[in-house]
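One structure is given below, encoded as structure tokens.
In the working numbering, the protein residues as written are 19 to 355.
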């Protein structure tokens with residue numbers, strides 16, 4: 019029985035809604051493939067994307083349920099704040115660990131499709147910022163799937179497509195109209211049977227599926243680092259066999275260097291605000307103790323001096339937090355520095 023490229027996974031972030039509204043109408047009514055879409059969105063976003071996109075295509079657009087069997091000729095859209103994963107015959111919708119501080123994650127979708135469907139996968143990366151999806155595109159390539167990237171000159175935001183092109187040997191760099199035509203052609207082509215999935219890809223897919231690997235299995239994913247996960251405090255491994263630097267903990271959180279710094283900045287800021295609160299409580303207790311000393315006719319100088327020192331520390335810590343110093347690296351990155 020012939021096997022065809024009948025799994026299409028599409029990832030996009032900023033500018034993605036417009037791109038999808040242009041791409042989906044170009045798909046034929048008889049598209050012989052299941053289509054899965056991750057569009058970055060706020061965790062609190064209402065699940066309306068499938069309804070919006072459904073107005074632009076003759077194909078049914080569905081918000082999938084966990085465990086549902088996927089069908090050919092249907093488009094499945096990731097719900098907000100959940101990962102959308104492709105398995106052998108079913109869809110997994112999980113509240114798994116965030117990747118690059120994002121959920122849903124393009125990498126999670128692409129990687130799961132690569133692991134379970136191998137050469138049957140066509141991976142498509144569209145407009146957007148940063149690099150979520152580049153590692154997943156590499157996984158599709160390693161599992162003998164086909165990779166397509168939107169022409170950066172056409173994309174509303176060229177950063178994500180350009181990063182993919184510079185990092186992965188993509189098969190096609192195309193404008194939206196040609197992407198749809200190429201997909202329609204590729205889904206009719208038979209492929210060779212699936213081969214053994216690289217262990218590092220499978221381990222990360224299991225983490226997205228809530229299967230926490232044993233610590234010694236993480237050696238298959240990457241090399242141990244001295245860093246800790248900003249999300250859970252676990253140790254981080256630097257992944258192997260990927261085009262871009264990425265750190266992952268054994269519970270499944272993963273970060274690019276930039277998203278790691280962003281996560282760290284959030285942890286540091288929260289810790290410093292907590293420190294300010296504790297110091298202010300300490301000042302209050304010291305001043306109450308000073309008042310008690312005075313009421314009893316004893317010197318309160320020592321307590322008042324200590325409270326004064328604590329106030330100076332609060333001023334310095336607050337000045338550092340509100341200065342924006344923790345955002346300096348992100349600001350430089352945004353400016354191309």
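Glycine included, C-beta positions come from ideal geometry on N, C-alpha and C. In this text the structure is predicted, and so the values were computed from the model without any measurement.
Cβ contact (3+ pairs, closer than 8 Å) linking the segment 206-217 and the segment 91-99: The segment 206-217, when compared against the segment 91-99, does not touch it at the 8 Å Cβ threshold.
Endpoints, the alpha helix (DSSP H) within which residue 35 is located: 34-41 is the extent of the alpha helix (DSSP H) around residue 35.
Same chain only: Cβ atoms within 7 Å of residue 119, ignoring 5 sequence neighbours per side: Closer than 7 Å at Cβ, skipping near neighbours: 277, 280, 281.
Ranges of the alpha helix (DSSP H) found wholly within the segment 209-291, counting only runs of at least 4: Listed in chain order, the complete alpha helix (DSSP H) runs (minimum 4 residues) inside the segment 209-291 are 217-226.
Residue 117, DSSP secondary structure in three states: The three-state secondary structure of residue 117, taken from DSSP, is strand.
Closest Cα partner of residue 143 within the set 134, 123, 136, 137: Comparing Cα positions, the closest option is 123.
Rounded C-alpha distance that separates residue 26 from residue 53: The straight-line gap from Cα to Cα measures roughly 5 Å.
First and last residue of the uninterrupted beta strand (DSSP E) at residue 52: 52-57 is the extent of the beta strand (DSSP E) around residue 52.
Residue 298 classed as buried or exposed, judged by whether at least 16 other C-beta atoms fall within 10 angstroms: So residue 298 counts as exposed.
In DSSP terms, what residue 87 is bridged to: Note: residue 87 sits in a beta bridge opposite 108.
Coil, strand or helix - residue 30 by DSSP: If DSSP states are grouped into helix, strand and coil, residue 30 belongs with the strands.
Counted within 10 angstroms of its Cβ, other Cβ atoms place residue 38 as buried (16 or more) or exposed: Under this definition residue 38 is a buried residue.
Beta-carbon proximity of residue 207 to residue 23, cut-off 7 Å: Taking 7 Å as the cut-off, the Cβ atoms of residue 207 and residue 23 count as close.
Spatially closest choice to residue 237 from 132, 226, 259, 196, by CA coordinates: That would be 259, whose Cα lies nearest to the Cα of residue 237.
Own chain, CB closer than 7 Å to residue 331, minus 5 neighbours either side, in chain order: Result list for residue 331: 297, in chain order.
Assigned secondary structure, residue 141 (DSSP; H/G/I helix, E/B strand, else coil): Reduced to three states, the DSSP call for residue 141 is strand.
Range of the contiguous alpha helix (DSSP H) that encloses residue 76: For residue 76, there is no enclosing alpha helix (DSSP H), as DSSP gives it neither H nor E.
Reduced DSSP secondary structure (H/G/I, E/B, other) of residue 205: Residue 205: coil per DSSP, three-state reduction.
First through last residue of the alpha helix (DSSP H) which encompasses residue 331: For residue 331, the enclosing alpha helix (DSSP H) starts and ends at 319-340.
Pairwise C-alpha distance: residue 252 and residue 205: Cα-Cα distance, rounded: 42 Å.
Close beta carbons around residue 307, own chain, < 6 Å, minus the five adjacent residues each side: The answer, listed in chain order, is 321.
Counted within 10 angstroms of its Cβ, other Cβ atoms place residue 76 as buried (16 or more) or exposed: For residue 76, the number of other beta carbons within 10 angstroms of its own is below 16, and it is reported as exposed.
Residues of its chain near residue 195, where Cβ-Cβ distance is below 7 Å and the 5 sequence neighbours each way are ignored: Here the set comprises 44.
Residue of 189, 81, 20, 300 minimising C-alpha distance to residue 163: Looking at the Cα atoms, 189 is the closest of the given residues.
For residue 269 and residue 36, the rounded distance between their alpha carbons: Each residue's Cα considered, the two are about 34 Å apart.
Sheet register partners of residue 80 (DSSP bridge): In the DSSP output, where bridge partners are listed per residue, residue 80 has 94.
Identified DSSP bridge partners for residue 101: DSSP output for residue 101 lists 112 as bridge partner(s).
Residues that residue 167 bridges to, as DSSP identifies them: For residue 167, which the question treats as bridged, DSSP gives the partners 143, 191.
Residue 146 beta carbon less than 7 Å from that of residue 62: No, the pair does not count as a contact, with Cβ atoms beyond the cut-off.
Cα-Cα separation between residue 113 and residue 343, rounded to whole angstroms: Approximately 32 Å between the Cα atoms of the pair.
Limits of the alpha helix (DSSP H) - the one that residue 128 falls within: Counting along the chain, the unbroken alpha helix (DSSP H) around residue 128 starts and ends at 124-135.
CA-to-CA distance, residue 341 to residue 326, given in whole angstroms: Taking the straight line from one Cα to the other gives about 23 Å.
Residue 21 - DSSP class collapsed to helix/strand/coil: Three-state DSSP puts residue 21 in a strand.
CA nearest to the CA of residue 243, picked from 165, 225, 265, 223: Out of 165, 225, 265, 223, 265 has the C-alpha closest to the C-alpha of residue 243.
Helix, strand or coil at residue 175 [DSSP, three-state]: Looking at residue 175 - three-state DSSP - the assignment turns out to be coil, as it is neither helix nor strand.
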